[in-house]
Amino acid sequence: MVFAEAISSLKQEIASAEVHRLAMTYNSYMTHSVAIIGGGPAGLMVAEVLIQQGAKVDVYDSMPSLGRKFLMAGRGGLNLTHSEPFEKFISRYGKRKNEIEKWLKDFTPDELREWARGLGVETFVGTSGRVFPVGMKTSPLLRTWLKRLTDSGVEFHLRHRWVGWNADKSLKFETFEGEKTLHADAVVLALGGGSWARLGSDGAWVSWLNQAGAEVKPLKPSNCGFDVKWSPHFQEKFDGQPLKSVVLSFGEFRQQGEFIVTKNGVEGSLIYAASALLRDEIEANGVANITLDMSPDRSEEWLIEKLSKPRGSRSMSSHLEKTIGLKGVKAGLLREFMPKEDFFRPERIAAFIKRMPIPLISPRPLDEAISSAGGVTFETLDENLMLRSMPGIFCAGEMLDWEAPTGGYLLTACFASGRAAASGVLKWWGKANPSVSPKL
């Protein structure tokens, strides 16, 4: 009996000590302030994590409203993430998959869907494996999220354009009331890349971070279109026409899909999937020669056999449509790139249909791109996404040096990087203040 009472008393003392430790930890965080610069998915996720831990959280954004690029991303349906197996998912991040894998193991695509459900937004998997909100729109999710953050105590400061640091390391902002300065115990930069500048991510931060001793790779277009030197006739006739059910090959890249012919060149999901490879090839050699299979379900031999049938009085355009169903922009590409002397030779026509060469001469401008490559290098950050040259300054989101294709990979990594940066802030505070447990 005495032994049981002693055990019970010991448990109560341990529980009381743990409550005291957590209370001290919470109160310690309450003495810390964080300034988050950038109100996109990464910045807002930082705010969510840190406000839950009791920090004083202020979010600053240059625009009159938050999440503008996030809203734009959902204009045709918000592709939140992807349902494919984790190993394949991670491979989409190319050279930076090892760094990003750490974020995504702590906040997986499935956990992102659960998080959305917590905001009252159910999701579904589309036929391509992409994950969307049931209502397809971004605005309900963003509106509910911002309300939850506001109710939790996050303070938002709009029309506050960050313009670097003062000599005393205080933050400097341009506002409609004039210049403002402030200090914070930690700063998280979530300023986006360099595309869609009118929505807030203009890349102006690059020079300020360079001045602070951070290594920043030049921002480049990613998930972008490319210029092709079309003939005036092709430009006028086929601008805006989709090329469906084609296989694009470039080096070891081979993928079926569709894209759009534009007045300037090509753009669309299939082009975006190869855009990093194509951009780097153009940068190295001045041109990227892609190859299209415009009839992937038919063999070259089948095409030759059908095209060899007498065409009688039919034009070649009519013959192509009648025998193999080739018409519109696909037939136009034959006229555009085939030598005239080959246009009446079935074996040459078949060869071009199966291996249509299209030279891409330059990526479209950065501001037109869906996202950007380049940014703050991982080597200039520690394992907690803190700048080695400026302790207490963290970075998250698209401003880091990584890229991914469309399909939900960009957003998933932005959300996860925000949580990773917030975790880094907590760990740093824990090391800076012995009363704060780094294990929280």
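Under my numbering, the first residue of the sequence shown is numbered 1337, with each subsequent residue one higher.
Idealized CB from N, CA, C, for every residue including glycine.
CA-to-CA distance, residue j to residue i, given in whole angstroms
i       : j       : result
Thr1361 : Lys1392 : Note on Thr1361: pLDDT 46, under 50, position unreliable in the model; the coordinate value appears next. In a straight line, the C-alpha of Thr1361 is about 14 Å away from that of Lys1392.
Lys1473 : Asn1546 : 37 Å
Lys1438 : Leu1507 : 30 Å
Gly1728 : Glu1734 : 19 Å
Lys1516 : Ala1371 : 13 Å
Gly1664 : Glu1588 : 29 Å
Arg1691 : Ser1581 : 14 Å
Trp1764 : Ala1732 : 15 Å
Asp1629 : Glu1636 : 10 Å
Gly1408 : Leu1555 : As written in the sequence, residue 1408 is Met, which differs from the Gly given in the question. Cα to Cα, the separation comes out at about 20 Å.
Arg1466 : Glu1677 : 45 Å
Leu1794 : Phe1595 : Past the boundaries of the shown model lies residue 1794; the chain is included only from 1337 to 1776, so the question cannot be answered.
Thr1716 : Ala1550 : 6 Å
Tyr1429 : Ile1436 : 7 Å
Ile1660 : Glu1683 : 14 Å
Leu1584 : Glu1641 : 24 Å
Val1524 : Gly1539 : 16 Å
Pro1821 : Lys1424 : Coverage of the chain is limited to positions 1337 through 1776, which leaves residue 1821 absent and any answer about it impossible.
Glu1491 : Ser1537 : 21 Å
Collapsed DSSP secondary structure at residue i in the structure displayed
i       : result
Leu1414 : coil
Phe1509 : strand
Gly1743 : coil
Cys1731 : strand
Arg1479 : helix
Asn1363 : Bear in mind that the predicted position of Asn1363 carries a pLDDT of just 49, short of 50, making it unreliable; the figure below should be weighed with that in mind. Looking at Asn1363 - three-state DSSP - the assignment turns out to be helix.
Trp1498 : strand
Asp1678 : helix
Ser1649 : coil
Ser1543 : helix
Phe1460 : strand
Glu1636 : helix
Leu1358 : Caution applies to Leu1358, whose pLDDT of 41 falls short of 50 and renders its modelled position unreliable; the value that the coordinates give is listed next. Helix.
Gly1711 : strand
Pro1701 : coil
Arg1428 : coil
Ile1694 : strand
Asp1397 : coil
Phe1673 : helix
Residue burial classification, residue i (beta-carbon count within 10 angstroms, cutoff 16)
i       : result
Ala1503 : exposed
His1368 : buried
Lys1441 : exposed
Pro1741 : buried
Asp1397 : buried
Leu1358 : Confidence in Leu1358 is poor, its pLDDT being 41 and thus under 50, which makes the residue's placement unreliable; the coordinate value appears in the next sentence. Leu1358 should be labelled exposed.
Arg1453 : exposed
Arg1755 : buried
Phe1679 : exposed
Asp1633 : exposed
Ser1759 : buried
Asn1559 : buried
Ser1654 : exposed
Thr1459 : buried
Thr1463 : exposed
Arg1650 : exposed
Ala1620 : exposed
Trp1498 : buried
Ile1343 : Low confidence applies to Ile1343: its pLDDT is 47, below 50, so where it sits in the model is not reliable, and the reading given next is rough at best. Exposed, since its Cβ has fewer than 16 Cβ neighbours within 10 Å.
Trp1638 : exposed
Gly1374 : buried
Asp1737 : buried
Asn1363 : Unreliable placement is indicated for Asn1363, whose pLDDT of 49 sits below 50; no coordinate value is reported for it.
Ala1757 : buried
Glu1384 : buried
Gly1576 : exposed
His1519 : exposed
Gln1389 : buried
Contact test: residue i Cβ vs the ligand ZN heavy atom, cutoff 7 Å
i       : result
Pro1377 : Looking for the ligand ZN in the displayed structure turns up nothing, as the structure carries no ligands at all.
Touch check for the region 1716 to 1725 and the region 1741 to 1749: three-plus C-beta pairs under 8 Å?
With a cut-off of 8 Å, the region 1741 to 1749 and the region 1716 to 1725 do not count as touching, because too few Cβ pairs lie within range.
Just to confirm the assignment: which complete alpha helix (DSSP H) runs, minimum length 4, are found wholly within the region 1563 to 1634?
Within the region 1563 to 1634, the runs of alpha helix (DSSP H) at least 4 residues long that lie entirely inside it are, in chain order, 1568 to 1574, 1605 to 1609 and 1611 to 1621.
Is it true that the region 1390 to 1408 meets the region 1370 to 1379, where meeting means three or more beta-carbon pairs spaced less than 8 Å apart?
Counting Cβ pairs under 8 Å, three or more are found: they touch.
Three-pair Cβ contact test at 8 Å for the region 1695 to 1707 versus the region 1606 to 1623:
With three or more CB-CB distances shorter than 8 Å, the region 1695 to 1707 counts as touching the region 1606 to 1623.
Three or more C-beta pairs below 8 Å linking the region 1410 to 1421 and the region 1445 to 1460:
A contact exists between the region 1410 to 1421 and the region 1445 to 1460.
Would you be able to state if there are at least three C-beta pairs under 8 Å between the region 1595 to 1604 and the region 1557 to 1572?
Contact annotation: the region 1557 to 1572 touches the region 1595 to 1604, with at least three C-beta pairs closer than 8 Å.
Quick test of the definition: if touching needs 3 or more C-beta pairs under 8 Å, does the region 1708 to 1715 touch the region 1528 to 1535?
These segments touch.
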